[in-house]
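Accompanying notes for the structure given below.
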Amino acid sequence: MAGWGRFVDAVKGVFGGAGAKPPPEQSLSVPASTVSASAEVRAAYELARPMYDEGRWRAALQALDGVRAGESADPKALALWIQCKASLGERAPVVAAFRTLLSLPGAGIEQLIDGYSHVGADAQLEFGPEYVARVEAAGLAPEEQARALGSVPKALWPADRVFAALASTTETSQYDGLLALAKKRFQDDPRLGQVKARPLDRRELQRQAAEKEYQRREALKASRAQLDASARKRGAGSADEVGARLEAAVFSSRDDVQAHRIYGDWLQQQGDPRGELVMVQAERQARPDDDGLKAAEDAAITKAVGVLLGALGGLEGTTATFRLGFLHGIRLGLTYDDQLEDRELIEYFLELDEARFVRELTVGPPHHDDQYDFGETIAQLAAAADRLPSLESLFIADFESEDCELSWSALGDASPLYAAFPKLKALTLRAGSMELGRIEHPALERFAIETGGLSRASLEAVLKAKWPRIRSLSLWFGQDNYGGECTVDDVRPLLTRSDWKLTHLGLGNCEFLDELIPLLVRSPLLPGLESLDLSKGCLTATGAQVLAQHREQLRHLKRLDLSENCLGEDALVLVKDLCAEVLVADQDEERAADEHRYSAVGE
223 MAGWGRFVDA
233 VKGVFGGAGA
243 KPPPEQSLSV
253 PASTVSASAE
263 VRAAYELARP
273 MYDEGRWRAA
283 LQALDGVRAG
293 ESADPKALAL
303 WIQCKASLGE
313 RAPVVAAFRT
323 LLSLPGAGIE
333 QLIDGYSHVG
343 ADAQLEFGPE
353 YVARVEAAGL
363 APEEQARALG
373 SVPKALWPAD
383 RVFAALASTT
393 ETSQYDGLLA
403 LAKKRFQDDP
413 RLGQVKARPL
423 DRRELQRQAA
433 EKEYQRREAL
443 KASRAQLDAS
453 ARKRGAGSAD
463 EVGARLEAAV
473 FSSRDDVQAH
483 RIYGDWLQQQ
493 GDPRGELVMV
503 QAERQARPDD
513 DGLKAAEDAA
523 ITKAVGVLLG
533 ALGGLEGTTA
543 TFRLGFLHGI
553 RLGLTYDDQL
563 EDRELIEYFL
573 ELDEARFVRE
583 LTVGPPHHDD
593 QYDFGETIAQ
603 LAAAADRLPS
613 LESLFIADFE
623 SEDCELSWSA
633 LGDASPLYAA
643 FPKLKALTLR
653 AGSMELGRIE
663 HPALERFAIE
673 TGGLSRASLE
683 AVLKAKWPRI
693 RSLSLWFGQD
703 NYGGECTVDD
713 VRPLLTRSDW
723 KLTHLGLGNC
733 EFLDELIPLL
743 VRSPLLPGLE
753 SLDLSKGCLT
763 ATGAQVLAQH
773 REQLRHLKRL
783 DLSENCLGED
793 ALVLVKDLCA
803 EVLVADQDEE
813 RAADEHRYSA
823 VGE
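Using the numbering used here, the first residue of the sequence shown is number 223, and each one after it goes up by one.
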């Protein structure tokens, strides 16, 4: 029992306590004869496992070293020892340990996966053939086998995986590498003669684009000839009648380049500055990288903007984008240097004829003040919805803390927007407070709330929303000091839904993010997501460890945003390769260490 006493001393050293001191190095050792799958080793494993899961790798390793788990015949303890060493950057000793793990008859597939994924690239290549053989012999289900082989270098992939990748890849370079590998290793496999055609390279795509452009030009000539013939047959019509017909054609098909070319050519003949802009932007669609066309486009916009936007064109806080000669998007806002006489910003914009072409509208600071109330803005837009028939995207209100603190802003009732703009596809609302009302919208695909304090009523409105086409949902929860009322239990119904087919989910600015993670990794929403935004919250090593443990559920994501959270260096190692792109900038551990954790955005 003396060995057990030394182990208890080691445990006390790990946890600390009144008057406890770390035991000397030799006190953590046991005689070599006892280094086996003993009770001490199993007890050390049970102690170290939760430490490792919490990101306390050094403490876990100290407990394991106390019973020499790195030389143990216990597969679980040995695999965990390998993970601890690798997580702390100590690669050299894990290679020999993994060789031992492979030789243990009792080593299960989970221990082998944990060990192999941590030994480093060179060792993975060395041990790959034997590891792959063990995986294939385990009789795993296809998805489990794919997980087990996730760390294996391509050069060691089995035939099934190589041919499956060849069938699914759309990247030319990846296709060439996989095909060369298949020809080298599986030349007798009948599937080699059945692989799909190689993806088109850039040169072929350019050739096809040039052919399409030629066909468009020929069609344009034919359309002009037909228009001229029709005009001669009818007799000369007024310029206004011809212009109205051509404008109606582009208005009904905003992305039809050919229709815009015809109208642009006619406008140039009338001396209208929009005509030049239409033609040069249509040309840039075919040649987007042409510097000469870019300069011509800038000049054409400068000429047209004074005519099309009036006084708004001279405001620093207001910016506009044009597409095929017509106003596509506009951000309305005033800086302290901007002056707009006689009328308010929104009122002036709604009186412009060009407003009827706007697809994307962003409302920024509406006046010079340190407090913003966008209630009147919403009422103005809803009342004048017939002047914005093309509107598809609306953002209220785009401002920074330099303009106004978030908690000093209010939206009031946003519900008039739903009925006023039935074609709206994207809606973003930013303010310190807001009322969502009953959300019913047949076309809405993207919805976002950015606030320093999300009320329980607002979350309830989201949960009850009727929006059959919703694909992107982003919520900021904020701080209780600024009106944040939501808890884990309030969010649980959202994460258990299976009727929404989301491709993007944002659970941002969240103080209880660690508690949400276990629900998120089991959510029926997760498999359908392409991107996940967990930024600006209080994610710590605890939540990061849960994400790491469920990396296979996250691997399909194209983007995972964990920026502006509370992750330390050890935790960042856990999350850095969870999916194709992981954002981790601007971490702040002090926010998590505070007695009362707080999210990144409140005031």
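Every residue gets a Cβ at the ideal spot worked out from N, C-alpha and C, and that includes glycine.
Under the three-state DSSP convention, the category residue i falls into
i: Ala665; result: coil
i: Phe621; result: coil
i: Asn731; result: strand
i: Trp722; result: coil
i: Phe544; result: strand
i: Val263; result: helix
i: Gly539; result: coil
i: Val257; result: Annotation note: pLDDT 41 at Val257 (below 50); position unreliable, coordinate value reported separately. Val257 falls in the coil class under three-state DSSP.
i: Glu774; result: helix
i: Thr584; result: strand
i: Ala632; result: strand
i: Leu371; result: coil
i: Ala186; result: Because residue 186 is not part of the residues shown, which for the chain are 223 to 825, the question remains open.
i: Thr650; result: strand
i: Asp560; result: coil
i: Gly551; result: strand
i: Tyr820; result: coil
i: Ser164; result: This structure does not reach residue 164, given that the chain is present from 223 up to 825, and the question cannot be answered.
i: Asp336; result: helix
i: Leu716; result: helix
i: Ser615; result: strand
i: Gly768; result: Inspection of the sequence shows that residue 768 is occupied by Val rather than by Gly. Residue state, collapsed to three classes: helix.
i: Leu414; result: helix
i: Leu326; result: coil
i: Glu811; result: helix
i: Arg781; result: strand
For residue i, the nearest candidate out of the options (CA to CA)
i: Arg315; options: Val341, Leu610 and Leu324; result: The residue you asked about is not Arg; residue 315 is Pro in the sequence shown. The option with the nearest alpha carbon to Pro315 is Val341.
i: Ala389; options: Leu400, Pro380 and Trp379; result: Leu400
i: Arg407; options: Ala632, Tyr594, Ser615 and Pro380; result: Pro380
i: Lys645; options: Arg691, Leu751 and Gly350; result: Arg691
i: Ala368; options: Leu556, Glu791, Leu747 and Arg777; result: Arg777
i: Leu742; options: Ala763, Lys758 and His772; result: His772
i: Ala679; options: Ile661, Leu574, Leu666 and Gln775; result: Ile661
i: Leu628; options: Phe643, Asp608, Ala653 and Pro638; result: Ala653
i: Met273; options: Gln767, Pro412 and Asp736; result: Gln767
i: Glu569; options: Val500, Ala542 and Ala604; result: Ala604
i: Leu779; options: Leu805, Glu786, Lys405 and Gly790; result: Leu805
i: Leu782; options: Ser753, Gly790 and Ala807; result: Ser753
i: Trp689; options: Trp722, Arg819 and Gly292; result: Trp722
Contact belief for residue i with residue j at Cβ below 8 Å, rounded distance in angstroms
i: Arg506; j: Asp513; result: So it is not a contact: roughly 11 Å between Cβ atoms.
i: Gly700; j: Gly675; result: 4 Å
i: Leu835; j: Thr540; result: What is shown of the chain runs 223 to 825, which leaves residue 835 out entirely.
i: His726; j: Ser694; result: 4 Å
i: Leu751; j: Leu724; result: 6 Å
i: Ala648; j: Ser615; result: 4 Å
i: Val580; j: Thr599; result: Not quite, the Cβ-Cβ distance comes to about 15 Å (not below 8 Å), so this is no contact.
i: Thr764; j: Ser745; result: So it is not a contact: roughly 18 Å between Cβ atoms.
i: Leu761; j: Leu735; result: 5 Å
Other residues of its chain near residue i: CB distance less than 7 Å, five sequence neighbours each side excluded
i: Glu657; result: Gly634, Asp635 and Ala636
i: Gln409; result: none
i: Leu738; result: Val710, Val713, Leu729 and Cys732
i: Val373; result: Per the sequence shown, the amino acid found at residue 373 is Ser instead of Val. The answer, listed in chain order, is Tyr338, Ser339 and Gln346.
i: Gly528; result: Gly535
i: Pro351; result: Leu378
i: Trp279; result: Cys306, Ser309, Leu310 and Asp792
i: Lys685; result: Strictly speaking, residue 685 in this sequence is Leu, with Lys absent from that position. Pro715 and Leu716.
Residues near residue i by beta carbon distance below 6 Å, same chain, minus five either side
i: Gly728; result: Ser696 and Asp755
i: Thr650; result: Phe617 and Ala670
i: Lys243; result: With a pLDDT of only 37 at Lys243, under 50, the local geometry of the prediction cannot be trusted, and no value is derived from it.
i: Ile335; result: Ala370
i: Arg496; result: Leu489, Ala526 and Gly547
i: Ala282; result: Ala270, Met273, Tyr274 and Cys306
Sequence-distant residues of the same chain with beta carbon closer than 8 Å to residue i, five excluded per side
i: Phe349; result: Phe320, Arg321, Leu324, Tyr338 and Val341
i: Leu515; result: Val502, Glu505, Arg506 and Arg509
i: Asp560; result: Leu537, Glu538, Gly539 and Thr540
i: Ala632; result: Tyr594, Asp595, Phe596, Gly597, Ala653, Gly654, Ser655 and Met656
i: Phe621; result: Gly555, Gly586, Pro587, Tyr594, Ser631 and Arg652
i: Ala343; result: Pro375
Within-8 Å CB hit, residue i to chain B
i: Ala807; result: You won't find chain B in this structure, because it holds only one protein chain.
* Asked: Taking only runs of the beta strand (DSSP E) that begin and end inside the region 461-518, which ones reach a length of at least 3 residues, in chain order?
  -> none
* Residue ranges of each beta strand (DSSP E) within the region 655-704, 3 or longer -> Those beta strand (DSSP E) runs which fall completely within the region 655-704 and span 3+ residues are 655-657, 668-672 and 694-700.
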